[in-house]
Each structure stands twice: as C-alpha cells, then as structure tokens.
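Numbering (my numbering), first residue to last: 767 to 1112.
Virtual Cβ for every residue (Gly too), placed ideally from N, Cα, C.
Have a look at the structure below before the remarks.
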Ligand SMILES: Cc1ncc(COP(=O)(O)O)c(C=O)c1O
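In structure tokens, the structure reads:
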C-alpha cells in the first residue's frame, strides 16, 4: 500500500485492497479449480461464514453489495410484496432502482432520524395490509451499520425482530458495513444475524477487492438461491477468487481488526473536530463515517485539496468516511486543514 498521505475521505471504497487479500489471491492462483463454486476455497469460506453467523442455512458469495441486496431481498419476497426501509437506505437512494427493477417490488421508505427504523416507524407503513389495492409489506430492510454511520444496538434489533415476527414481516439486513457494527457493539456476527432472516456481509469496504456474502439464516428461504444468483448474474465462474478474499478476511479475525481500525479513525476525526468552531457533528459516530454541518464556503475551500461528498447540499452537510488503511496522521492532517479553513474564513 502507498505511503502517500491520504487525501480522500470520500468513501471506504476509495481504499485499496488489504495485502493479506492480495496474498490470498496470489496463493489461490495456482493450478486449476472446478468452476462455479465447486472448489475447496468456496467450501472452506462458506463453511466458516456459516459457523460465524450461526446459521442452519447457507452462505452465497456474490460480486457486489447491490447484487447481494437484490439476491437477499428476493429470497424473502413474494411477488406482490413490498419492502419497508429507511428513506436513507442504500436500496432506496443509491442502487438505481434495482430492487424495483429486478424484483418488481415496491419500496416503502420511511423518514428515519439517524438512519434507523423503529417498530413505530415501521408501523406507519402497514396501513393497507389485507387490502387488495395496496402493495403488501412483506419485508423490513435494515442497514447495519446505517448509511448515517450509526448502529442499531442489540436491544433495538430485538424489538424490531419481535415486532416483525408478530406482524408476519421478514427481516432483511444490508450488512455492507456489518463488520463496523460488530466492532462498535463488541458483539459477534451471530448476535447480529439472530435478528434477521437473510443478511449480507460486506467484504469490499472491509479490505477485499470485491466480494460480499448473502447469509440465509433458515433453510426455508434458500430453495431458489442458487438459481436466482445465476439469473441475477452474480454467479462467479472463478469462484475460488471470491472465496479466497473472504478466507483472508476471516483468518485471525482480520475483518474485525480492519473494521475496528476504520471506526477508530472516524472517532479520532470527530474528537479532533470537537473544539473546532463552526463544525457540528450531525450523528453519533458509531462506525466509519462522520457527518458534519459546516459553512458552505468552508466546504468549497476544503474540497480544493480533499475529496469527500457533500451529502445534503441544502443543509450544508458533508460525509467523511474513513477506511481500514487510513493512518492517524492522515486523520490529523485533515483535522488540521479543517481547523485552519474554519479559522481563516470565519
Ligand atoms: C449500505 C450499502 N449497501 C450496499 C452498497 C452497495 O455496494 P456495491 O457498490 O458494492 O454494489 C453500499 C455501497 O456503498 C452501501 O453503502
């Protein structure tokens, strides 16, 4: 990895690939292996994932997070059913309408402070159940950690799971950043998974080159998974190279160390900014994201040197993401730059 100072707080996807993942890919690149997942790397990776998630069901490897969401949601939905999600959910805002297009479902977004649904918020979208004129809510989609950099606590997840069970709703969890949530909560992946029927586990933002897993918690939902993954063009012929990436991340809990580090860098950034006038941290910093409100002139000036997203132009809110490979010195120079711009232009 490069020694050059980081200039991007734009996304955890701006990071490179962890050297252990590259090493695992190189080691897997010897000789031939049977295609489409019938290889020993896939058997080991999916076996280890199933063990970590404590499932009687299956684990399926796919190329990317959008594909994982479409596959996972599709396993839980009947053809007339709709998905309740937070308005900020990636499936609602950033996937080019793929759940609607690919699954023919309807999303029922709910304005959710801090990106988190609650039973009360979910209930607001249940009107019309049993009425043939309405799309029938069948699945609740949670993102853990959320698009706002917050995490559902285990008691919050338990309340949602119990409410959903009582109301015949299945729970899907978009876990593109599940590792960051486990690191923040100090819980196991199985603890998180016990609150969902199907969930995803992101490798890409955690140091992989590109791999995600769809974890099915109960065999009743997996009958069509192999066929849907193929139809949705998420079946890799050279599957050993997807599996090798997860084997590297799972070895000696590298996934957890990467997420813990990324989270710590976000906390360092937020803490470093706590005394800087004119910077207001917008949400609790619980994963690898910091959202802040600052003067639009400061945003423009900072963006001359640094890469990051303006999340909400109207309210002058930016998103700063950290990553597994960011150093304390990268964060500290960004803090110094923000403080200097805020001081000069105020
Ligand atoms: C919460 C969440 N889910 C899913 C995805 C989709 O991942 P991909 O870009 O690999 O399709 C992202 C990507 O940013 C994400 O943030």
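Rounded distance between the beta-carbons of residue j and residue i, thought under 8 Å
| i | j | result |
| --- | --- | --- |
| residue 917 | residue 947 | 5 Å |
| residue 1082 | residue 1104 | 14 Å between Cβ atoms; not a contact. |
| residue 810 | residue 1013 | 6 Å |
| residue 903 | residue 892 | 6 Å |
| residue 1039 | residue 1047 | 7 Å |
| residue 847 | residue 821 | Not a contact, Cβ separation roughly 23 Å. |
| residue 1107 | residue 1067 | 5 Å |
Nonlocal neighbours in the same chain, by C-beta distance under 7 Å from residue i, ignoring five residues either side
| i | result |
| --- | --- |
| residue 1113 | Because the chain spans 767 through 1112 in this model, residue 1113 falls outside it and cannot be assessed. |
| residue 832 | 861 and 864 |
| residue 803 | 1005 |
| residue 1001 | 802 and 995 |
| residue 924 | 961 |
Cβ pair residue i, residue j closer than 8 Å
| i | j | result |
| --- | --- | --- |
| residue 849 | residue 837 | no |
| residue 956 | residue 819 | yes |
| residue 881 | residue 852 | yes |
| residue 858 | residue 875 | yes |
| residue 1077 | residue 1085 | yes |
| residue 1094 | residue 1034 | yes |
| residue 936 | residue 905 | yes |
| residue 1031 | residue 1097 | yes |
Cutoff 8 Å; reference residue i; Cβ partners in own chain excluding five residues on either side
| i | result |
| --- | --- |
| residue 966 | 831, 834, 835, 838, 939, 940, 941, 942, 944, 978, 979, 980 and 981 |
| residue 1011 | 787, 790, 791, 969, 974, 975, 976 and 977 |
| residue 842 | 904, 905, 936, 938, 963, 964 and 987 |
The beta strand (DSSP E) enclosing residue i, as first and last residue numbers
| i | result |
| --- | --- |
| residue 1086 | 1083-1087 |
| residue 850 | 847-852 |
| residue 908 | 902-909 |
| residue 872 | 872-876 |
| residue 978 | 978-982 |
| residue 1074 | Careful: residue 1074 lies outside any beta strand (DSSP E) and carries neither H nor E. |
| residue 966 | 964-968 |
| residue 1058 | 1055-1059 |
| residue 826 | 825-828 |
Extent of the continuous alpha helix (DSSP H) run through residue i
| i | result |
| --- | --- |
| residue 886 | 885-889 |
| residue 940 | First-last for residue 940: 936-940, but that is the beta strand (DSSP E), not the alpha helix (DSSP H). |
| residue 798 | Premise fails: residue 798 is in no alpha helix (DSSP H) and is neither H nor E. |
| residue 806 | 806-819 |
| residue 1027 | 1020-1038 |
| residue 930 | 920-932 |
| residue 895 | Residue 895 -> no alpha helix (DSSP H), and no H or E assigned at all. |
| residue 993 | 991-997 |
| residue 866 | 864-869 |
| residue 834 | 831-842 |
Chain-order list of residues whose beta-carbon lies under 6 Å from that of residue i (same chain, five-residue window excluded)
| i | result |
| --- | --- |
| residue 1050 | 916 |
| residue 780 | 774 |
| residue 877 | 853 |
| residue 1052 | 916, 917 and 950 |
| residue 919 | none |
| residue 896 | none |
| residue 1027 | 1090 |
| residue 1008 | 827, 977 and 1002 |
Min CB distance residue i to chain D below 8 Å
| i | result |
| --- | --- |
| residue 875 | In the displayed structure, chain D is absent; only one protein chain is listed. |
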